[in-house]
Each structure stands twice: as structure tokens, then as C-alpha cells.
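Asker: In my numbering, the protein residues as written are 1244 to 1380.
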Amino acid sequence: MNPQDIESPVALVVNRHHAVRRAICERILSSFANFRMREAASIDDALAVLESEHVDIVLLDGEASGIDALRGTRAILERSPGSSVVLLSTVTEPACVSAASRAGAMAFVSKRAIGTQLMQVLESLTGAAPQNDPGTR
């Protein structure tokens, strides 16, 4: 996806933990009221969502179960080549970041900096400026 002003971006959060998915969705919606959020518990669930609707951004847990995150990134982009994949991970070694990029991820966000770093990535991918960002108060 090229940076552009997308009126209502659709973001899909892929994480096996419901509470984590909800927290990420709520954090994004507190900064970007125009986002439409979807959730999936697994790569397979994400692929099913992508089969039925357009998604602009896929936020993929780097520690995804089942298929590993790099294979998951490739599968998502194969199913939905117009989507941007953002990998969220606690592992931030340069080799891992490079591997994510080679797999097609548009960005790699450390879970330790998700509050600020993710908002910056979403802004750069959509052209939308954060509104009412609680992280800046």
C-alpha cells in the first residue's frame, strides 16, 4: 500500500490472545477514530477474513502459533497483495527485522514500543494523523 489518505482504513489484528487483540484495537481507535478494526486469532482465521473483505493493514503477532510469522506474512500477501503487513514482535534483532522485510512485511514494530511506534507506522501507511492520542498527553 502506498502512503495515502485512506478515508476509513481497515486494520486486521492477528493474535491468539483475545485480550491482546482488543487492547491493540482499542489503542488504535483511541488515536485513529476513522479506522475500522477486524480481529483474527490465527493465520488461518486471518486468511478467511481476507477471503471475504478488503483489509488495508494486517497487524501480525510475530509469535503467531501454527504457521510461523514469516510464512504467515507470505500467505497473507499472497491472498491479499494490496494489504500492508506490520509484524509485532518482542524479538528485535536486526536479522529478524531483515527477514520480516524479505518476507514482505512493510514494518516491524517492537511490542515494547507499540504505543508510539505502531501509531507512527499506521500514520505513515495511511497518511492519517493521530487524533486524541493519549500517548501524547
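C-beta atoms are modelled at their ideal positions from N, C-alpha and C, and glycine is treated no differently.
Using the DSSP secondary-structure output, state which residues sit across from L1290 in a beta bridge.
Answerer: For L1290, which the question treats as bridged, DSSP gives no partner whatsoever.
Asker: Give me, in chain order, the residues of the same chain whose beta-carbon lies closer than 8 Å to that of E1296; leave out the 5 immediate sequence neighbours on both sides.
Answerer: The residues are V1253 and R1281.
Asker: To the nearest angstrom, how far is the alpha carbon of S1308 from that of R1259?
Answerer: With a pLDDT of only 47 at S1308, under 50, the local geometry of the prediction cannot be trusted, and no value is derived from it.
Asker: According to DSSP, is P1252 helix, strand or coil?
Answerer: In the structure shown, P1252 sits in coil (DSSP, three-state: anything other than H, G, I, E or B).
Asker: Expressed to the nearest angstrom, what Euclidean distance is found between the alpha-carbon atoms of A1346 and V1257?
Answerer: Answer to the nearest angstrom: the Cα atoms are 17 Å apart.
Asker: Roughly how many angstroms separate the alpha carbons of A1318 and A1289, rounded to a whole number?
Answerer: Their backbone Cα atoms lie some 10 Å apart in a straight line.
Asker: If you measure between the beta carbons of L1361 and I1267, is that distance less than 9 Å?
Answerer: A contact, by the Cβ cut-off of 9 Å.
Asker: Using DSSP with H/G/I as helix, E/B as strand and the rest coil, what is V1298?
Answerer: If DSSP states are grouped into helix, strand and coil, V1298 belongs with coil.
Asker: Is the CB-CB distance between R1264 and A1284 below 9 Å?
Answerer: Closer than 9 Å, so yes.
Asker: Please identify the residue among A1262, R1279 and D1299 whose C-alpha is closest to the C-alpha of S1367.
Answerer: Here the closest residue by C-alpha is D1299.
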